[in-house]
Amino acid sequence: MSTSPSKIQLIQPDDWHLHIRDGEVMKDVLADTARQFARAIIMPNLKPPVTTVDLASAYRTRIEASLQSLGVHSFTPLMTLYLTDNTSADEVRKAKAAGIVGFKLYPAGATTNSDAGVSDIQRCYVALEAMQAVGMPLLVHGEVTSAEIDIFDREAVFIDQVLEPLRKDFPELKIVFEHITTKQAAHYVRDAQTGEKNTLAATITPQHLLMNRNAIFAGGIRPHNYCLPVLKREEHRIALLEVATSGSPRFFLGTDSAPHAKGAKETSCGCAGCYSAFNALGLYAEAFEGVGKLDKLEGFASFFGPDFYSLPRNSKTITLVKQAQSIPAELPLGDATIVPLRAGETIAWSLA
Ligand SMILES: [Zn+2]
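For the sequence shown, the residue numbers in the working numbering are 286 to 637.
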């Protein structure tokens, strides 16, 4: 990696947590991601969810057709399956053989299209045992869903109620704590005792590095800054920035970019999710530069993800230049539009 005040050259990054949905809208969002990233982990929360290897293969074929129609030949989707109460050990072994990179645990009702999620983690123990045995990572949406727990506390409570017991029962299971948002999660992952081989990591989104919860209410309700887990207080943002820029291999890039049409966000019950894919790398560069740690960006964006998933690092390089880029107010999304993160504003870093 080489950095100067106006230019960063780094090994091409990957996005370890991405939503692209399905059908017509897919190619609009894939183009943004494929422009910056070599690979991305594709989340399985479609309607109906991607629960089997056969469904994932069919989804991959549709993604590849979409990439082809865009003329993109240098992007690899990494497929995941949606863990349910009924996932069998057989399906786990089949998934491993088919190159599926992980299973995603959504507590039932936690976020977009998660109704088919896990109602009680104990019901998944057969599948989790098989995952531990074959070295299949578990990707967790780390929030409890009980209505009596305050929405700002759900991640911290998840650590105590679910994650810590889970790690005790499955000490060799590789776990990615997805899109962490709190000081508690950042410190839990940073300080966790694992075996010789590290088994715990976390992804962090650009919005959680750049914004605190005031951004949801700045001068009025801001639906495009609403995502789940929801933005937290400033002290949490600072803790996330600290671990992301620390050089620890346990923290890596996962945008959680999630496309919702403008109308589905600007409504009486708007969807959760930020569309950060348009200039995700510029957003991360801004966050790292803000604390004088641009030299730590390459590890976070390009090395620690593949290392944790035991995949090869990319070899191509990309260059970010300090050249202001205006983020459009809206982008096309099928026959609708989408409002990207920081719409109408200017971002300092752009892809060369
Ligand atoms: Zn997500």
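The beta-carbon is built from N, C-alpha and C at its ideal position, and this holds for glycine as well.
Between the CA atoms of residue j and residue i - distance to the nearest angstrom
i, j, result
"Gln492", "Ser531", "18 Å"
"Ala562", "Ser287", "24 Å"
"Leu526", "Leu538", "12 Å"
"Trp355", "Asp300", "According to the sequence provided, residue 355 is Leu. The question's Trp does not apply to it. Taking the straight line joining both Cα atoms gives about 19 Å."
"Gly577", "Cys559", "25 Å"
"Leu315", "Ile305", "7 Å"
"Ser373", "Ala412", "6 Å"
"Ala383", "Val335", "14 Å"
"Val624", "Pro617", "9 Å"
"Asp454", "Gly427", "17 Å"
"Ala471", "Ile465", "7 Å"
"Ala395", "Arg347", "27 Å"
"Phe443", "Thr397", "18 Å"
"Asp637", "Gln446", "Checking the displayed sequence, the identity of residue 637 turns out to be Ala instead of Asp. Taking the straight line joining both Cα atoms gives about 45 Å."
"Pro508", "Glu520", "22 Å"
"Lys547", "Pro298", "28 Å"
"Val425", "Thr484", "13 Å"
"Pro241", "Asp400", "With the chain covering only 286 through 637, there is no way to say anything about residue 241."
"Arg452", "Ala621", "43 Å"
"Gly619", "His545", "11 Å"
"Ala557", "Lys312", "21 Å"
"Thr604", "Gly567", "11 Å"
Own chain residues within Cβ distance below 8 Å of residue i, not counting five before or after
i, result
"Pro290", "Lys607"
"Ala609", "Thr631, Ile632, Ala633 and Ser635"
"Arg320", "Leu636"
Per DSSP, the bridge partner or partners of residue i
i, result
"Gln353", "Paired residue(s): none; Gln353 is not in a bridge."
"Val606", "Lys292 and Ser635"
"Lys389", "Tyr367 and Leu424"
"Ala487", "Phe462 and Phe536"
"Val403", "Pro392"
"Ala325", "Asp300 and Pro362"
"Thr530", "None; Thr530 has no bridge partner."
"Ala621", "Leu618"
"Ser611", "Thr631"
"Ser342", "In the DSSP output, where bridge partners are listed per residue, Ser342 has none listed."
"Ser287", "Gln294"
Closer than 8 Å: residue i CB and nearest ligand 1 heavy atom
i, result
"Asp438", "no"
"Thr466", "no"
"Ala543", "yes"
"Thr396", "yes"
"Met328", "yes"
"His302", "yes"
"Glu472", "Checking the sequence, you will find His at residue 472 rather than Glu. Because no heavy atom of ligand 1 lies under 8 Å away, the Cβ of His472 does not count as near it: no."
"His493", "no"
Any non-hydrogen atom of ligand 2 closer than 8 Å to residue i Cβ
i, result
"Glu463", "This structure does not include ligand 2; its bound ligands are ligand 1."
CB contact below 9 Å: residue i versus chain E
i, result
"Gly356", "Considering every chain present, this structure includes no chain E. It has just one protein chain."
Contact set for residue i: own chain, Cβ-Cβ below 6 Å, skip 5 residues either direction
i, result
"Asp317", "Ala562 and Phe563"
"Gln353", "none"
"Ala486", "Val461, Arg535 and Phe593"
"Tyr569", "Pro491"
"Lys581", "Thr530 and Gly532"
Integer Cβ distance of residue i from residue j, believed to fall under 8 Å
i, j, result
"Gly387", "Leu423", "7 Å"
"Phe536", "Phe588", "Wrong, their Cβ atoms sit about 11 Å apart, outside the cutoff."
"Tyr403", "Thr369", "What sits at residue 403 in the sequence shown is Val, not Tyr. Contact holds; Cβ gap of about 7 Å."
"Ala323", "Asn599", "5 Å"
"Asp392", "Glu440", "Residue 392 is actually Pro in this sequence, not Asp. Going by Cβ atoms, the distance from Pro392 to Glu440 rounds to 11 Å, so no, they are not a contact pair."
Residues near residue i by beta carbon distance below 7 Å, same chain, minus five either side
i, result
"Met421", "Val377, Ala380, Lys381, Gly387 and Phe388"
"Ile473", "Position check: residue 473 holds Tyr in this sequence, whereas Ile was assumed. Contacts found: Ile444."
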